[in-house]
Amino acid sequence: MVPLTYYLALSFILFVLGITGVLLRRNAIVAFMSLELMFNAANMAFIAFARQFGALDGQIFVFFVMAVAAAEVAVGLALMVAIFRTKRGINIDQMNSMKG
Amino acid sequence: MITAGTIVFLVLALIAIGTALGMLISRNSIYSVLFLVMNFGTIALLYLVLGAPFIALTQITVYAGAIMVLFLFVIMLLGGEGIPGHEPLRLQRPVSLLMVTILAGEALLVIGLRYAQANNFIPLEIPPATYATPTEIGLLLYSRYLLPFEVTSVILLAALLGAILLTRSDQPSNRKN
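Just so you know, the sequences run in chain order A and B. Following the numbering used here, the numbering of the first sequence begins with 24 at its first residue and continues without gaps. Following the numbering used here, the numbering of the second sequence begins with -15 at its first residue and continues without gaps.
Shown next as structure tokens:
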């Protein structure tokens, strides 16, 4: 088996790649996908620690993270459809006014 | 010392990082989604290696299955696969690269100081055969974590209602806060 540090390093690399996508890409859907990548990086750290300490609680927590992420994706994509109707685009720079 | 486990881990990790980079770089959003599906599949394999079969299969059905199909639906609905980028804000790129570099340095420091000591490179032990079977997870989920489990159902219901309200078409100006 591989040491815990390797998994933490991989999780950290994926998290940094995800945050790079959120900060750099201006297509809102791609920024959103980078957010999912960050969720997954955190989940991997949870699973690795759960394995290290022999406790199942980390895996249960990942289960809840997945459920909340699914809810968040549903609402977020619905918001994007609503924004696309009024703005004719999903560029992040266009979303600069509070009232539609 | 290179064992078979290390080789498996390195190959999977390289695929995961490569597909994440591909997701970031590709211009077409459809390619980004497909790269991300492959990334999630690779991470599910790593979960299997870590002894979490239930979470690995949930990852494939929920993430790679449901969520990414939702992304594909929305991209095709909006025709957003090739939306041209406008002029970027002037300082956005350098400032965000700077912040990412700071974050990376910080995390490297933490991993280097805290986890790179010799006794932290002891390989993980093989868990007992009953570790993380679906039975164990179900018992824990319905006993100690019963309340969070019920709260999750309320969250999913709220998301369902929110998605329906936000995309209703007989209401041209969505004035929901």
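We put the beta carbon where it would ideally sit given N, CA and C, even for glycine.
**Request:** Would you identify the three-state DSSP class for residue 12 of chain B, choosing helix, strand or coil?
**Result:** The sequence position of residue 12 of chain B within the second sequence is 28, counting from 1. Coil, per DSSP.
**Asked** Under three-state DSSP, which class holds residue 50 of chain A?
**Response** The residue you call residue 50 of chain A lines up with position 27 of the first sequence. The answer is strand: DSSP assigns residue 50 of chain A an E or B state.
**Request:** Could you round the C-beta distance between residue 87 of chain A and residue 136 of chain B to whole angstroms and report it? I think they count as a contact, below 8 Å.
**Result:** Within the first sequence, residue 87 of chain A is the residue found at index 64, counting from 1. Within the second sequence, residue 136 of chain B is the residue found at index 152, counting from 1. The Cβ separation is near 6 Å, so the contact holds.
**Message:** Strictly below 7 Å CB to CB, what residues from chain B border residue 87 of chain A?
**Reply:** Position 64 of the first sequence holds residue 87 of chain A. Near residue 87 of chain A (Cβ distances below 7 Å), the residues of chain B are 132 and 136.
**Request:** Write down the C-beta distance between residue 74 of chain A and residue 34 of chain B rounded to the nearest angstrom, noting that I regard them as a contact closer than 8 Å.
**Result:** Residue mapping note: residue 74 of chain A aligns to position 51 of the first sequence, counting from 1. Residue mapping note: residue 34 of chain B aligns to position 50 of the second sequence, counting from 1. Right, the Cβ-Cβ distance comes to about 5 Å (below 8 Å), so this counts as a contact.
**chain A within 7 Å of residue 14 of chain B, Cβ atoms only** = As a first step, residue 14 of chain B is located in the second sequence; it is residue number 30 there, counting from the start. No - not a single Cβ of chain A is within 7 Å of the one on residue 14 of chain B.
**Request:** Rank A:42, A:121 and A:47 by C-alpha distance to the C-alpha of residue 74 of chain B and give the top, closest one.
**Result:** On the second sequence, residue 74 of chain B is found 90 positions in, with the first residue counted as 1. Measuring from the Cα of residue 74 of chain B, the nearest candidate turns out to be A:47.
**Item:** Touch test, the segment 17 to 32 of chain B against the segment -8 to 1 of chain B, Cβ-Cβ under 8 Å, three pairs minimum
**Value:** yes
**Request:** Drop a sphere of 10 angstroms on the beta-carbon of residue 120 of chain A, count the other beta-carbons inside from all chains shown, and report buried for 16 or more, exposed for fewer.
**Result:** The residue given as residue 120 of chain A occupies position 97 in the first sequence. That one is exposed.
**Request:** Assuming residue 60 of chain B contacts residue 17 of chain B (C-beta within less than 8 Å), just tell me the rounded distance between them.
**Result:** Position 76 of the second sequence, counting from 1, holds the residue named residue 60 of chain B. Position 33 of the second sequence, counting from 1, holds the residue named residue 17 of chain B. Going by Cβ atoms, the distance from residue 60 of chain B to residue 17 of chain B rounds to 10 Å, so no, they are not a contact pair.
**Asked** Helix, strand or coil for residue 66 of chain A per DSSP?
**Response** The residue given as residue 66 of chain A occupies position 43 in the first sequence. DSSP places residue 66 of chain A in helix when its eight states are reduced to three.
**Item:** Proximity to residue 20 of chain B [Cα-Cα], best of A:44, A:70, A:91 and A:72
**Value:** The residue given as residue 20 of chain B occupies position 36 in the second sequence. Nearest option by C-alpha distance: A:44.
**Asked** Where does residue 134 of chain B land, buried or exposed, given buried means 16+ other C-beta within 10 angstroms?
**Response** Sequence index remark: in the second sequence, residue 134 of chain B carries index 150 (1-based). Burial call: exposed.
**Message:** Pull the bridge partners of residue 114 of chain A from the DSSP assignment, please.
**Reply:** Along the first sequence, one-based indexing puts residue 114 of chain A at 91. Residue 114 of chain A pairs with A:50.
**Asked** At a Cβ threshold of 7 Å, is residue 151 of chain B touching chain A?
**Response** Here residue 151 of chain B refers to the residue found at position 167 of the second sequence. Output row for residue 151 of chain B: interface = yes.
**Minimum Cβ-Cβ distance from residue 58 of chain A to chain B less than 7 Å** = Taking the first sequence and counting its residues from 1, one reaches residue 58 of chain A at position 35. False, the Cβ-Cβ gap to chain B never drops below 7 Å.
**Asked** Using the beta-carbon count (16 or more within 10 Å), is residue 142 of chain B buried or exposed?
**Response** To locate residue 142 of chain B, count along the second sequence from 1; it is residue 158. By the 10 Å Cβ count, residue 142 of chain B comes out exposed.
**Asked** Which same chain residues, not among the five before or five after residue 40 of chain A, have their C-beta less than 7 Å away from its C-beta?
**Response** Along the first sequence, one-based indexing puts residue 40 of chain A at 17. Only 60 meet the Cβ criterion.
**Prompt:** Rounded to a whole number of angstroms, what is the C-alpha to C-alpha distance between residue 161 of chain B and residue 109 of chain A?
**Reply:** For this step, residue 161 of chain B is matched to residue 177 along the second sequence. For this step, residue 109 of chain A is matched to residue 86 along the first sequence. Reliability fails at residue 161 of chain B, whose pLDDT of 48 lies under 50, so the model's placement of it is uncertain and the value that follows must be treated cautiously. Computed Cα separation, rounded: 16 Å.
**Message:** Does residue 7 of chain B come out as helix, strand or coil in the three-state DSSP assignment?
**Reply:** For this step, residue 7 of chain B is matched to residue 23 along the second sequence. Residue state, collapsed to three classes: helix.
**Message:** Taking beta-carbon pairs under 7 Å, can you tell me which members of the segment 100 to 113 of chain A lie near chain B?
**Reply:** 100, 101, 102, 103, 104, 105, 107, 112 and 113
**Item:** Coarse secondary structure for residue 57 of chain A, derived from DSSP in three states
**Value:** Numbered from 1 along the first sequence, position 34 holds the residue referred to as residue 57 of chain A. Residue state, collapsed to three classes: helix.
**Item:** Contact under 7 Å by Cβ, residue 79 of chain A with residue 5 of chain B
**Value:** Reading the first sequence from its first residue, position 56 is the one you call residue 79 of chain A. Reading the second sequence from its first residue, position 21 is the one you call residue 5 of chain B. Not in contact: residue 79 of chain A and residue 5 of chain B (Cβ atoms no closer than 7 Å).
**Asked** Can you list, in chain order, the residues of its chain whose CB lies under 8 Å from that of residue 82 of chain A, leaving out five sequence neighbours each side?
**Response** Reading the first sequence from its first residue, position 59 is the one you call residue 82 of chain A. Within the same chain, residue 82 of chain A has close Cβ partners 69, 70 and 73.
**Asked** So, does the CB of residue 24 of chain A fall closer than 7 Å to a CB anywhere in chain D?
**Response** Absent here is chain D; the protein component of the structure consists of chains A and B.
**Asked** So which residues on chain B does residue 63 of chain A lean against when the C-beta distance must stay under 7 Å?
**Response** For this step, residue 63 of chain A is matched to residue 40 along the first sequence. 24 and 27, listed in chain order.
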